[in-house]
Every structure is written in C-alpha cells, then in structure tokens.
Amino acid sequence: MNTKNSNTSLAGAVELLAGVHLAGGGKEQRLKQGGIAAVVRPPAVPRLEPAAAGRGPAGFYHMELLPENGAVPAATLEGRRVAVLGDPRDLPSLRPGWTAWPVPRDAGRLLPDVTGHLVRGDAPPDVVLAVIDGARFPADGLLGDALDEGQALLNALFAACKELYASLGAERTHVVAVVCNAWLPDGVPNPVTGLFGGFAKSLARDLPKARITALHTDTGVAEVAEVAGLGLVRPADNALAELFVRGGVVSRPRLVPTAAVTRSGSPPVLKEGMVILATGGARGVTAALLEDLAGRCRVKVVALGRTALERTPPELLEMDADSLAAHEAAFYRNALARKDGSTIKDLKRQFQSHVAANEIVQNVKRFRSLGGQLDYLAADLADGTEVDRAVGAVLERHGRIDLVVHGAGTQISRAMTGKTVAEFDSVVATKLAGLRHLYQALARRGLAATVGVHILTSAFSFWGNDGQPDYGAANEALNRLAEAMAAAGRPWSSLAWLGWAGVGMTRGSEYAALAEQRNLYPLPRQEGQELFAALMGGTPAHAANILATPREIAYYRVPLLEESRAPRARIEPIELSLERAGYLKQHLVAGVPTMPGAVELMHATHTASALLGDSPGMEVRDAQFLSFLKSHPGRDGRARVIAKAEAGGQGVRVAIESDFVHPSGRVLRTDMRNFEARMLPLVRPDALPDEADELSRSRPGFFVLDPYVHGPGHVALSGVFDCLRNIAIHELGQTATFELSPELRSSPQAALLGPAILLDALWRLAVIRPQGSRIPLYVPVRSHRVALWTGHGTGGTETLHRLAGARLIATRPEPVAGSPASVLIRHAVAVDAQGSVLVANIDILATTNS
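Taking the numbering used here, the leading residue of the sequence shown gets -13, the next gets one more, and so forth.
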C-alpha cells in the first residue's frame, strides 16, 4: 500500500493499523476503507494445560551461582590490540600499550567521547574492556550520585559496541565488561554488576556468535589484565554471558526453582489500610496488580505518572477502551483535516498520550469501585524536584508511606544499530533515576530505612533478550539492588515478570505474534494477580524473584541448576525466653538481657554443620554482628538461624534474623538481620600463629581484672561469663586462663554454651586496652576469620574437658585510622592443655561507646 499519495490512503492505513491493535486485544476486526477490505484476526495462542492444583505453568525461580567444574581457562591478552573504557582514575593502572578511552564522570552521561576514538582510521581493537571499580559503589550507590558514573560508562560501552557492531558479529572484536571489587561486604554482588550483566546478556542474544561477557571479580583494578582473559573464552552454548569470580572460584548464574516463595510464618507484606506509593501504578501491569489488591484488602494507593490528564479532551477521558480504540481512525482524519502540519508520527504519539490518560481515568474508577482508594499525581520521575514535591504531598495527605511499588519503565526494543545513545540512556534512566529520586525524597524525611520497596522487573532481562540491552541493564541492576538492600536489612524485593497477555508493554499485537512465533507464555491477567498475591502473602524468601515457564526456558535455553545440586537450606529457632535461656540474664547490655555475639555465632555453626556434613572443624568467614539480639521480660522474642548451602557445595551462608515484638504482643518489625557469615568445613587444625607463640612466652607487665565483670559500664557480665582468670597485659598483647564454671558444666545447654563462652571470653580479652585508670568496653562488630575446633555446639563432656583451663592469647588492639571508637585485633587464639588450637581468630573489629 502506498501511503504517500493522499490523505485518503493515509487514513485507510491508520484505520487498518487501529484494527491490528484491536485484534491484538483478542477481537476479530472486519475493516473496509477506500477499496481496501481486510479481516484482522487475533494471533492464535496454543492452549495450555493447567499445572497441578489448577495453577498456571508460571513458577517462581531465583538466581544461584554455580562454580565451574575444574580449572577455567583464560585467554591471553598478550599481542592483542586492547582498548579500555573507564574512569580516568582507573586507567593509569593498565598495561603499557593498551589504548585508554577515558569516560570522565563529569562529562555528562550523553557525551562520552568514544566514537571519535573509533573513526580516526585505526583498525578496530581486538578487545574492548569496560572497567569500573565497584569499591566506589556502596549497596545503595545506584540510588545516589554513583549512578551517574555507572551510566556514563554504560553509555560509552553502548556507543562503542554500536560503532563496532559489524566487527563484533564477525568475531573480530571481543567485549569484556569488568566490574572490580564486585562484592559487597555482606557477600552479595554489587548492584552495579547488574548494569553490565544485563547489558551483556542482551547483546549476546543479538550477536550469538560474538564473545561478549560481563565479568564480576573480587580483585582490584590493578589486576584487570590477570582476570579479563576469562571473559574471552567461549562458554557452553546455553551459558549466560556473565561470569562471577570470588576467591579464585569462577561461577556462572543458574536459574533455580524456589521451593517456598515466602518465609514460613512471616506476616503478609500487604495489609489493610496501608498507604502505597506506586510509580506507573495507574497503568499497565502495576495497575492490574493494585486493582487486585483493592479486592483483597482495602489499601490506599497514590499513583505517580508523567501523563498530564488536562491535556486530553474530557470526552476522550470518559470513553471506554473499545470506544476510544474505535475512535482512533476518526482522530487521525480530523487532525489531518486541520492541516496544522502534524505528521502521522506526531499524531500517533499524541493519540497514545490520550490513550494513556484514558487508561488512568478508567483504572481510577475501577479501583475505587472495588473498595480501594486510588489517587493520581502527575509527576515526571526524571525530575527530582517534582518527585520530592509528590512525596511531600502524599505524606501531607496520608501521614505516612508504607510501601513503594516501582513499576515505571519504558522499552525501545530495536536493534542496537538503530538506537541512539539518548534513547538508550532514557530507558535506563526511567527505571533507575526514577527510583533514585524516590529514595532520596524518602531519605530527606528519614523514611528510607523503613519504607518497603517492591520493584517490577523483567524475567527476560535475567536470561537476556535481543534488542533490549538498555532495558536488561536497568532491570538486572534493580534486581541486584533489591538483593543488596535486603541483605542490609531493608524491606526490599523484586519480581521479574513474564510478558502479560494484552497488558502493559506487551499489550500490542506485535508481542502476541512474537510470543506465538517463539512459543512463549503470555501470562493471563488473573494468573499474574495470583502470583503477586502469593509473593506478597509473606516476607519473600528471596529478595529477587524470577517467573518462568518451560516455554521460556526451552526457547532461551536458560541454564537450570539440577535439582540434585540445588542449594539446601535449614531454619532453626533460637531460644530467647529468659525462663528457658537463663544465661541471658547474666549478659546485660544497657541493663537488658542480650545474647552475646559469640552465642549467635555458635548457633549459626550448629545449624550450618547439618548442611556441611561431618567435619571436625568449622571456618567462619566475614562474620558481621549487625544488631543486638535482646530478650525483654514478658515478651515473646522470636529469632531464627537461616542456613543455606551454596550451589556446588562449597559452603553455607548463614544469617540470624529476629522480629521486634511490642509488650502487647504486636509484631512491630519482622526479619531484622542480626548476624551473617559464611561457613566452610575445616579438616586440619590451625597452627599457632608466630605472634601468639611469641606472646605466650613473653613476661607480663601487669595484671587486671575482667572489666566486663568488675567494672562499671554499659556491658555487665556475671555468672557463667565470669570465666577469665590471670589476665596479664604484655608489651605485645595479653594472655589469660579460661575457667569453666560448675554452673555451666551442669547446664543442659553446655555443649552449645561452652564453646560460645570460650569465644566470648577470648574476644573480651582481645579488646582490653587500659587507658590510664579506665578500660573502655568494646563489642565485636566484624570478624574476618574464625576457625573453630570445639564441636559446633554438638560436643559432649570430652569437648567441655578440653575447654577447661584453656590458654587465651591475643595481640594488642590497634587503633583504626579515622575511627577513634574502633580497634582491630590481628590475632586471638585459644589453645588446650596439650597446646592444640581450639579457636583461632584473624582480624577482629570492635567498637565502643564508653
């Protein structure tokens, strides 16, 4: 059809186009215009047999990292032309002869001077490395100014790949995006890894023969040359274009079925009367989810969107969806008759804005008819001032915000060669910068730590979807942001969705046709609502959740973790009752019975040992004591150890979480993170460190009493904790003897408490630091490594016999530069009467407020 000859033929074309869109909604359309007759039928979607119990085939999954079997080869970079994109601060550490393509952070996200490097007549490089230092990105870095640095490099990498697209496809140029220092202190990947992982996985779908890899490593920028070669090795056919390297172990992401979607016994996330701030909440998938909530529990929703309702004629706002769709052709005819110079592209954009406004108005009506309260505020999420004003308005009207549902997003699914840097940037910014502005508006009001956040992302971004490197980068960054914030104790979660049937970004006929071509599963509206309700029915077991069916897994060849190798998990309660755990009354912090960090750690090792199997020793890595676990008289304290075996059987991740319960019995806050660490089995005992051996043979300078037992202070110990004897202060450190009290020997919890109280005594000895006439009281906040040979809380009388009379040795506490309230102890060791090591500590960080 020639659409250039007349307005008549143009009108016929647009009417046919309108019919195609209606057919995408599932209705057959019979059309006739200017001699053109057609019947447009909706695409056929194969009938699906429902899964057991009447549920659809979509299921919950999450990501796990599976170590590669055997040594992973690394290609050499020697003799190759290497160009390196990165912040100027990182480029001086690169190898001589490599070409530096600096991407200054202050150059502006849309002005990376990259293509200029590529069109000066030089041959394309063999390898493009994009390097970024994750150490500059804290857990919430993408919610602050660090986002600009991440996007600047991501845009530069996009521009380079677009310029080199033909060379990438011909395998003449390879791309490796390297995130250095890619792990946060709590052991989860830095969210910035998602930016480059999502980008690489999508681009690899566009160019399946190319070598494009995102490589996330715990090494620094100076070691880029040593690890980057891992990204040049061609992986297995179904491997995702993403590698993780930590502690020398190379792992790849796998999709793992989620056995339990929520934590057992946890209260629902969504409660009647709560106030929800939703971005994109008046349209698309987010609106469909919130509409379902209105029927389940009466919530108050304020939806933010950039559509200004006043720009749409009132008569169009009042039409139902079918009437408005039928009006599309007339809208174009009337507009063209005005001859105001508008092109068909302008008119289509204008009509879509009217469709958006109409959808908002109709959704508000529908939501209110179901008993919910929905208000709409026009605010551009890209404008921090507008977002701040909107947050203020919500708080002024409702007095609080309980949950943010972030569903706003845009998508431009187009080949890289047909996409501009500005378009690429806008897709990433809509999702990330919008959430940043919301988070900062909450932070300015002191609400960022308590308001829950749930993010809608895309499952296709996990495995990579062709034409969506920007959408993939934004979604994967958000998924890992949810994981990082949840690991830090924040109530954050995300759900990566499949495409909905006729809703949101996948409402058009083009998606239905693509889904049929690829045999993908169009998620029915009701099933999507049920899945969301299931996830919000309790605290999500995983912060980042992914939906999938066998169809997507088959088409995209998504790597699954075999059930036999899937991580195992174990949850055990911790007794906090003062009646049954009376020792807590002998360990007071600010007058409140409080569980010692050493007892927390021993509970954790006991639970982890059930997953690690029979091992004589246990190594505790990167233990963090995040908050006190207190027991108040008359309150039903709730705490639990959550242990989860790592994929591949290397170790166990352990956390202790608790709920804060009001004296009335009301749970005020759930799943507070108190402790976390990584556990590994040990086969051979540690040798006595040279420093400890030298210290044990040195002459003491003077003796002191245990300040935690005999001195005033915010920590007061008695009973079984009064166990340090002969505390001697040496020039290089201190020594003492451990005494096992008769009360402890007869306790039914002796197997657990004996090793724990030994460890607690060792830590107390290690931090004794006399300052004139006073001795400050310190508490441990972090331990790099603890090696235990004390039975993991399961030993009997033989273990207790070994503990009695143990010799405790610790090097002198060292001040921490820039932190006057903290000290670092390099070594602390406990040995039995035969000189065998019971406990060995390396690098204990402790702090004081006294």
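We treat Cβ as the ideally placed atom computed from N, Cα and C, and that holds for glycine.
- Taking a cut-off of 8 Å for Cβ pairs, the region 701 to 713 and the region 769 to 777 do not touch, as fewer than three such pairs fall below it.
- From the listed residues Arg607, Tyr47, Gly577, Tyr457, the smallest Cα separation to Thr244 is found for Tyr47.
- When C-beta atoms of the region 151 to 165 are compared with those of the region 417 to 427, fewer than three pairs fall below 8 Å, so the two segments do not count as touching.
- Taken in chain order, the complete beta strand (DSSP E) segments of 3 or more residues contained in the region 470 to 546 are 478 to 483, 530 to 534.
- Only residues of its own chain outside the window of five on either side were considered, and among them Gly215, Leu216, Val219 have a CB closer than 7 Å to the CB of Ala60, listed in chain order.
- Between Val242 and Arg386, the beta carbon gap of about 36 Å keeps them out of contact (Cβ cut-off 8 Å).
- Distance between Val285 and Gly259, taken at the CA atoms: about 5 Å.
- Proximity to Asn827 across Val271, Val606, Leu229, Ala702 peaks at Val606, based on C-alpha coordinates.
- Taking 8 Å as the upper bound for CB-CB distance, Lys257 and Cys283 are in contact here, some 7 Å apart.
- Beyond the five residues adjoining it in sequence on each side, Glu725 comes within less than 7 Å, by CB distance, of Cys709, Arg711 in the same chain, given in chain order.
- The alpha-carbon separation between Val235 and Glu54 amounts to approximately 8 Å.
- The three-state reading of DSSP puts Glu228 in strand, counting E and B together.
- Close CB contacts of Val767 within its chain, under the 6 Å cut and outside five residues either way in sequence, are with Phe611, Leu831, Thr833 (chain order).
- In this structure, Leu71 places its C-beta atom within 9 Å of the C-beta atom of Trp87.
- Within 10 angstroms of the beta-carbon of Asp131 lie fewer than 16 other beta-carbons, which makes it exposed.
- Counting only runs of 3+ residues, the beta strand (DSSP E) found wholly inside the region 340 to 422 occupies 359 to 364, 389 to 392, in chain order.
- When the five nearest sequence neighbours on each side are left out, the beta carbons in the same chain lying within less than 7 Å of the beta carbon of Phe337 are those of Glu314, Phe317, in order along the chain.
- Taking each of Pro253, Ala163, Leu140, Ala736 in turn and checking the Cα distance to Met522, the smallest one comes out for Pro253.
- Taking C-beta separations shorter than 7 Å and ignoring five residues to either side along the sequence, the partners of Val407 in its chain run Leu96, Asn141, Phe144, Ala145, following chain order.
- Bridge pairing for Ala702: Leu574 [DSSP].
- In the displayed model, Asp608 falls within a strand according to three-state DSSP.
- Inside the region 256 to 338, DSSP marks whole alpha helix (DSSP H) runs of 4 or more residues at positions 270 to 282, 300 to 303, 307 to 312, 314 to 324, from first to last along the chain.
- Counting C-beta atoms within 10 angstroms of its own C-beta, Gly233 has fewer than 16 neighbours from the protein chains shown and is therefore classed as exposed.
- With contacts defined as CB atoms closer than 9 Å, Ala590 and Met665 qualify as a contacting pair.
- Leu229 and Phe614 have their C-alpha atoms spaced approximately 36 Å apart.
- In the assembly as shown, Ser250 is an exposed residue. Its beta-carbon has fewer than 16 other beta-carbons within 10 Å.
- The criterion of a C-beta distance shorter than 9 Å is satisfied by Arg556 and Thr593.
- Taking a cut-off of 8 Å for Cβ pairs, the region 189 to 196 and the region 480 to 487 do not touch, as fewer than three such pairs fall below it.
- Nearest to Val815 by alpha-carbon distance, out of Ser808, Val825, Gly821, Pro806, is Val825.
- Taking the CA atoms as reference points, Ile441 sits about 35 Å from Glu561.
- In the same chain as Leu751, and ignoring 5 residues on each side of it, the C-beta atoms closer than 7 Å to its own belong to Leu710, Ile713, Gln720, Ala722, Leu794, Ala796, in chain order.
- A direct Cα-Cα distance of roughly 33 Å separates Thr535 from Asp306.
- Between Ala625 and Ser644, the C-beta spacing is below 9 Å.
- Per DSSP, Ser447 lies in no beta strand (DSSP E) segment; the continuous alpha helix (DSSP H) that holds it begins and ends at 445 to 449.
- Within the region 45 to 93, the complete beta strand (DSSP E) segments at least 3 residues long are 45 to 53, 68 to 72, 85 to 88, listed from N- to C-terminus.
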